[in-house]
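Student: Next up is a structure, given as structure tokens.
Protein chains in written order, with my numbering: chain P, 607 to 859; chain U, 607 to 859; chain V, 607 to 859; chain W, 607 to 859.
Structural data, given as structure tokens:
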């Protein structure tokens, strides 16, 4: 079973010196990027009508390659110690995050062949092909560093997020009571006012909704200033997270 | 008084292994979230007219539970060493931050039963139920970490805030003198111009007010660029605060 | 000269235990804040016409107190070792940052009494009273910490600022050539286009100017994303500055 | 060849005590800034028609000086150990980043003298003179510090950027399917929707495109909040980068 082992090595992120494995990684990454560009380009009416044939052909070839990759991964996954058991190992591999993404990447092609789907659902399904992007996470070590930092600080980040939501709810509630009588159209309910609240707290500020009363403006000013803290908190948390992660690495090496 | 002790344990944040206490915490958190969703949903006219009965019933049950929780907390608080004295301990517990929030959460229901209140005040009072959200702070350790960081750095954060306010006042004053003659409607006074100032310094930029003269735009550009510092300062302060807090913890453990 | 020494102590930031000095500090801070509120309120036409008398009286009393404070500071400054010499010490004190701010705070009142000034200049002069705000910097230790951090990192911050300006100039130059032919009104010259550039790089985004061509939007997208770095750089610089400053303090104590 | 050595020293960043070299640096920096101001001012029609002669003359003199500087740099570069070889050293210097920038700064003047260029290309070429700005990077040590930090963390920053792009593509894809049926004009394709996506993720928020359906607003809110992380990640990465770079320096000294 030397071939199986070799395929496993090629499918995994290429180690230094293994030229074929590295080239395969780059091939897959380029294929993913081309696929995503295709999904984007398809929505431009005039491009789609003109190049429909080529696009559909490219889609078919891509799905074929991705399907092959998916099946080979399932076949060879037993070389990883985690998934060593021929049956249970394979099953737990199939339900791992990476493999599920791989499945999601090809499913939008096969589902309409099996089930009869209506047009609207089909369109949403086509969009799912965008998730092929996530297949790329496998190849970057820096991505794993960032993942670790976020995982280590997930509780603090969740609390920052909760503070943001609480602020949003309270601010929108107050603003609704202040502006509703003057602008009943825009600030018609708390959920509607939350649209203003998000735009203000995140400092996006589309400008489609804003208070016009003196009290409303005062509240909006306070919320916009508190919005600064909403940026400062996660920035500070992540900064200290990187610090900790990198000093941990230095100790180990 | 074994029952009293048990109730105290259940009301407090659940320790590892105490399943009942943990489940009670989750029950209260879900009840709070449902209550807040209710306050938000009530402001959607069509939802309120349709489900009025159910909403009012849910409100009544919730207040009942929160009232019971509040009274039991006052009864059992003497198990905390801080509030050990049956009278003075209880009094100082009642005026603690957590207990006041608990009171504020139920008061909007009882006040109209005791006092005759006019409609407008009643509506504002209903909004106070949103403060039930703050009851949740009790259950998170990450929340306390963030609280500590902010408390440790409160002087520096206050100074950043003062710099922001000073910048705002000076910028709005200058802009008022520059733009008032060209746009007397929008930039009609310094307080009005401060609305532009806040939107610019916090980079919200609604776009309802902006300078049109060359000098005004130059000033706005300078203010917008200084606004970057207004974000960088608190982010830097909080980052170093987290660093300090976490290295303190590592030393203790 | 015990009185002179006592006055010096009272004028300086109050040390622990010196109740009179502390109360004097608070008195001056409140006076400054009231003055600034007055300058802001004066620009509201209806307030000024109604309360003109009171406002002018309050202004006169304030200037009297600030003038007295200024003169006493000059008289007693020789107790500071830096300004010990009766003549040269005093002169160098008069030209220190703090004393110049004190002078600027009262000058707008005295200048029109001495020189004949036209109305427009007078109005700008009134605005100078806003600089009284800067008198407050004297009383905060956290303000000095932030000042130190900014001073220590001023070179790095200046480079971040230069990068911002270079980015702004290049982006506006490119955008001018791209959008000028389609929107000759808005993007009429590079200086005009820089107004768009500032709004985009600082993420203010008023929405009064934006590209409509495909190429222009692509450039705007790149600039907006680079604008994130423009925030991240000073935030990172200041964070490491605080770290360094605080660890320096810990070593000394 | 003492003269050659002296010219080399003068062209390089001036060391302490070498007054002539320092003054030459400042002269070149001022010349660069004046040139950039000229490029900007030229696009103001009325300024250009009035001062055309002066502007063209100044441009000619500047190019003469920059050309002389460029040639002298090539002549004397052999004093740097990196470029010691008279031929290969010089060639590798010519293709170094700094020398290429120097060439780009003067090329827009010489090209039209050699080749026949059409008007549109000539206008773009004139803009290239803005790249003279990058000549200034040579003179700042803080600039090199920032360069080092970015180079050390380039992988993490690239990943942050990738996350931003992935988020942008997925968000725009979803938003296109949600809003397309209600606002077919604005959200006409995924590329068009990406213009909204960039404005939201970077919190610029021009306000020319925004969702109006409930589902669209919910998605926009989530994207705007995730946009906060898009700022927090690079800020944290750069903060930890500065920390590392500065502690490295302290160890060496």
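Cβ atoms here follow ideal geometry from the backbone N, Cα and C, with glycine treated the same way.
Helix or strand or just coil, what does DSSP make of residue 652 of chain U?
Tutor: Your numbering for residue 652 of chain U matches position 46 in the second chain. Reduced to three states, the DSSP call for residue 652 of chain U is helix.
Student: DSSP three-state label for residue 786 of chain P, please.
Tutor: Here residue 786 of chain P corresponds to residue number 180 of the first chain, with the count starting at 1. Note: residue 786 of chain P maps to coil in three-state DSSP.
Student: So, with DSSP's three-state summary, where would you put residue 816 of chain W?
Tutor: The residue you call residue 816 of chain W lines up with position 210 of the fourth chain. DSSP places residue 816 of chain W in coil when its eight states are reduced to three.
Student: Do the region 737–748 of chain U and the region 700–718 of chain V meet, that is, are 3 or more Cβ pairs less than 8 Å apart?
Tutor: no
Student: Consult DSSP for residue 686 of chain P and reduce its assignment to one of helix, strand or coil.
Tutor: Position 80 of the first chain, counted from the first residue, corresponds to residue 686 of chain P. Coil at residue 686 of chain P, not helix or strand.
Student: For chain V, find out if any of its Cβ atoms is closer than 8 Å to the Cβ of residue 684 of chain P; answer yes or no.
Tutor: One-based indexing of the first chain puts residue 684 of chain P at position 78. So, not an interface residue.
Student: Smallest Cα separation from residue 800 of chain W: which of V:724, V:651, V:838, V:820?
Tutor: Within the fourth chain, the letter at position 194 stands for residue 800 of chain W. With distances taken between Cα atoms, residue 800 of chain W lies closest to V:820.
Student: What is the residue span of the alpha helix (DSSP H) that residue 740 of chain V lies within?
Tutor: Position 134 of the third chain holds residue 740 of chain V. Taken as a continuous stretch (DSSP letters only), residue 740 of chain V belongs to no alpha helix (DSSP H), as it is neither H nor E.
Student: Give the interface partners of residue 809 of chain P over in chain V, defined as CB-CB distance under 8 Å, in chain order.
Tutor: What you label residue 809 of chain P is simply residue 203 of the first chain in a count that begins at 1. The answer, in chain order, is 809.
Student: Just the chain V side, please: which residues come within less than 9 Å of residue 615 of chain U by C-beta, in chain order?
Tutor: Sequence index remark: in the second chain, residue 615 of chain U carries index 9 (1-based). Residues of chain V passing the Cβ test: none, with the nearest at roughly 40 Å.
Student: How many Å lie between residue 662 of chain W and residue 671 of chain W at the Cα?
Tutor: Taking the first residue of the fourth chain as 1, we reach residue 662 of chain W at position 56. Taking the first residue of the fourth chain as 1, we reach residue 671 of chain W at position 65. Their Cα atoms are separated by approximately 14 Å.
Student: Along chain P, which residues have their Cβ under 7 Å away from the Cβ of residue 823 of chain W?
Tutor: Working through the fourth chain from its first residue, we reach residue 823 of chain W at position 217. Within 7 Å Cβ-Cβ: 801.
Student: Is there at least one Cβ from chain U nearer than 8 Å to residue 675 of chain V's Cβ?
Tutor: In the third chain, the residue the question calls residue 675 of chain V occupies position 69. Taking Cβ atoms only, chain U never reaches closer than 8 Å to residue 675 of chain V, which makes this a no.
Student: I need the straight-line Cα distance from residue 656 of chain P to residue 650 of chain W, nearest angstrom please.
Tutor: Translated into the one-based positions of the first chain, residue 656 of chain P becomes position 50. Translated into the one-based positions of the fourth chain, residue 650 of chain W becomes position 44. Taking the straight line from one Cα to the other gives about 43 Å.
Student: Go to residue 747 of chain V, then tell me how far its alpha helix (DSSP H) extends in each direction, as first and last residue.
Tutor: Indexing the third chain from 1 puts residue 747 of chain V at position 141. Unbroken alpha helix (DSSP H) run through residue 747 of chain V: 747–758.
Student: Beta carbons nearer than 7 Å to chain P: which residues of the region 708–740 of chain U have them?
Tutor: 729, 730, 733, 736, 739
Student: Please identify the residue among P:646, P:641, P:615, P:645 whose C-alpha is closest to the C-alpha of residue 631 of chain P.
Tutor: Within the first chain, residue 631 of chain P is the residue found at index 25, counting from 1. Selected option, being the one with the closest Cα: P:615.
Student: Just list the alpha helix (DSSP H) runs in the region 693–721 of chain U, keeping only unbroken ones of 4 residues or longer that don't cross its boundaries, in chain order.
Tutor: Segments of the alpha helix (DSSP H) lying fully in the region 693–721 of chain U: 694–700, 703–720.
Student: Let's test the definition: count the other Cβ atoms within 10 Å of the Cβ of residue 716 of chain V and tell me whether it reaches 16, buried, or not, exposed.
Tutor: To locate residue 716 of chain V, count along the third chain from 1; it is residue 110. Label assigned to residue 716 of chain V: exposed.
Student: Show which residues of chain W have a CB atom less than 9 Å away from the CB atom of residue 695 of chain U.
Tutor: To locate residue 695 of chain U, count along the second chain from 1; it is residue 89. Under the 9 Å cutoff, chain W gives no residues; its nearest Cβ is about 42 Å from residue 695 of chain U.
Student: Within 10 angstroms of the Cβ of residue 610 of chain U, are there 16 or more other Cβ atoms? Answer buried if so, exposed if not.
Tutor: As a working note, residue 610 of chain U is residue 4 in the second chain. Exposed, since its Cβ has fewer than 16 Cβ neighbours within 10 Å.
Student: Could you give the distance in angstroms between the alpha-carbon of residue 763 of chain U and the alpha-carbon of residue 845 of chain U?
Tutor: Mapped onto the second chain, residue 763 of chain U falls at position 157. Mapped onto the second chain, residue 845 of chain U falls at position 239. Cα-Cα distance, rounded: 12 Å.
Student: May I ask which residues mark the beginning and end of the alpha helix (DSSP H) holding residue 803 of chain W?
Tutor: Translated into positions along the fourth chain, residue 803 of chain W becomes position 197. Per DSSP, residue 803 of chain W belongs to the alpha helix (DSSP H) from 796–807.
Student: Looking at chain W, is there any beta carbon in it that lies within less than 8 Å of the beta carbon of residue 770 of chain P?
Tutor: Here the question's residue 770 of chain P lines up with position 164 in the first chain. Taking 8 Å as the threshold, the shortest C-beta distance from residue 770 of chain P to chain W falls below it.
Student: Secondary structure at residue 662 of chain U, three-state DSSP: helix, strand or coil?
Tutor: Working through the second chain from its first residue, we reach residue 662 of chain U at position 56. Helix, per DSSP.
Student: Anyone know if the C-beta pair for residue 810 of chain V and residue 809 of chain U falls short of 8 Å?
Tutor: Locating residue 810 of chain V in the third chain gives position 204, counting from the first residue. Locating residue 809 of chain U in the second chain gives position 203, counting from the first residue. Against a cut-off of 8 Å, the Cβ pair of residue 809 of chain U and residue 810 of chain V comes out as a contact.
Student: Terminal residues of the continuous alpha helix (DSSP H) containing residue 610 of chain P?
Tutor: In the first chain, residue 610 of chain P corresponds to position 4, counting from 1. Here the alpha helix (DSSP H) through residue 610 of chain P covers 608–617.
Student: Would you mind working out which of V:817, V:653, V:826, V:792 sits nearest residue 804 of chain W, comparing C-alpha positions?
Tutor: Here residue 804 of chain W refers to the residue found at position 198 when the fourth chain is read from its first residue. Minimum Cα distance to residue 804 of chain W is reached at V:826.
Student: Alpha carbon to alpha carbon, how far is residue 785 of chain V from residue 766 of chain V? Give it in angstroms, no decimals.
Tutor: Indexing the third chain from 1 puts residue 766 of chain V at position 160. Indexing the third chain from 1 puts residue 785 of chain V at position 179. Taking the straight line joining both Cα atoms gives about 28 Å.
Student: How many Å lie between residue 733 of chain W and residue 644 of chain W at the Cα?
Tutor: Along the fourth chain, one-based indexing puts residue 733 of chain W at 127. Along the fourth chain, one-based indexing puts residue 644 of chain W at 38. Going by the C-alpha atoms only, they are around 11 Å apart.
Student: I need the straight-line Cα distance from residue 855 of chain V to residue 843 of chain U, nearest angstrom please.
Tutor: Locating residue 855 of chain V in the third chain gives position 249, counting from the first residue. Locating residue 843 of chain U in the second chain gives position 237, counting from the first residue. Put simply, the backbone Cα of residue 855 of chain V is about 15 Å away from that of residue 843 of chain U.
Student: Which residues of chain V have a Cβ atom closer than 7 Å to the Cβ of residue 843 of chain U, listed in chain order?
Tutor: Looking up residue 843 of chain U in the second chain gives position 237. Near residue 843 of chain U (Cβ distances below 7 Å), the residues of chain V are 848.
Student: Determine, for residue 761 of chain U, whether the minimum Cβ-Cβ distance to residues of chain V falls below 8 Å.
Tutor: Translated into the one-based positions of the second chain, residue 761 of chain U becomes position 155. Closer than 8 Å to some Cβ of chain V, the Cβ of residue 761 of chain U qualifies, so yes.
Student: Can you determine whether any heavy atom of the ligand ZN sits closer than 7 Å to the C-beta of residue 748 of chain V, and answer yes or no?
Tutor: Of the ligands one can find in the structure shown there are none, so the ligand ZN has no counterpart to examine.
Student: Determine the DSSP secondary structure at residue 860 of chain W, reduced to helix, strand or coil.
Tutor: Limits of chain W in this structure are 607 at one end and 859 at the other, which puts residue 860 of chain W out of reach.
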